[in-house]
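For reference, the structure is listed below as structure tokens.
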Amino acid sequence: MADSSLFQVPILGLAIRAYGAYSVKRGTADRSAIRSAVRQLQEDWAIGIYLQGGRSHDARIVSPKLGAALIAAKAQVPLLPVSLWGTDKVLPKGCWLPRSYPVTVRIGKIVPPPVGTSKVELKTVTQRCMNDIHALYDLRR
27 MADSSLFQVP
37 ILGLAIRAYG
47 AYSVKRGTAD
57 RSAIRSAVRQ
67 LQEDWAIGIY
77 LQGGRSHDAR
87 IVSPKLGAAL
97 IAAKAQVPLL
107 PVSLWGTDKV
117 LPKGCWLPRS
127 YPVTVRIGKI
137 VPPPVGTSKV
147 ELKTVTQRCM
157 NDIHALYDLR
167 R
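Note that our numbering has the sequence shown beginning at 27, numbered continuously upward.
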């Protein structure tokens, strides 16, 4: 999944497509992107979704979106909380050329998918994932 605007950048758009990504219209309930994500998961592919809908400057999730939990519920697949530390130094916002910097990836414990798609259920699972990601991030390096 990648922001639809990234597909407009000539070389970057080609690279993103080559890796099998599909566009998502940020800030909207992009049903096409949700269907694509569910289809990918049902075909045994993994997908990556930032809970806040994009990158943050300090890796803190302030207002998580419910999309990851919704997709997990529809596909009935578990979620895997992952924390990335150092990526803000590799590719700072507004920068197009990556820099060399060590990145730490911390992987949490699997979170079962929501049993349904009610807002309460989605919020509960999203909150759990957010808490797990924050705990992983606090470990840092």
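Glycine included, every Cβ here is placed at the ideal spot set by N, Cα and C.
Note that the structure is a prediction, hence the values are computed from the model and not measured.
Would you please state the rounded distance, in angstroms, between the beta carbons of residue i and residue j? I believe it to be under 8 Å.
i	j	result
GLY134	VAL108	7 Å
PRO140	ALA95	5 Å
Could you say which of the options lies nearest to residue i if we only look at CA atoms?
i	options	result
LEU77	VAL141, ARG154, GLU69, PRO138	ARG154
LEU110	PRO90, ASP84, THR152	ASP84
THR143	VAL151, VAL137, ILE136	VAL151
ASP164	ARG86, ALA72, TYR45, SER58	ARG86
ALA99	ALA41, ASP158, ARG61	ARG61
LEU105	GLY74, LEU123, SER89	GLY74
Suppose the cutoff is 7 Å on Cβ atoms and the five residues either side in sequence are ignored; what does the same chain contact list for residue i look like?
i	result
ARG125	LYS115, VAL116
VAL131	VAL108, LEU110
MET156	LEU77, ILE87, PRO90
Residues in its own chain within less than 8 Å of residue i by CB, not counting five upstream and five downstream?
i	result
GLU147	ALA95, ALA99, PRO140, VAL141
VAL129	LEU110, TRP111, GLY112, THR113, VAL116
Check your understanding: Counting Cβ pairs, one atom from each stretch, are 3 or more of them under 8 Å apart for the stretch 57–72 and the stretch 114–130?
Key -> No: fewer than three Cβ pairs fall under 8 Å.
Review point. Mind pulling the alpha helix (DSSP H) runs of 4 or more residues that sit fully within the stretch 87–153?
Key: List check, alpha helix (DSSP H) in window: 93–101, 113–116.
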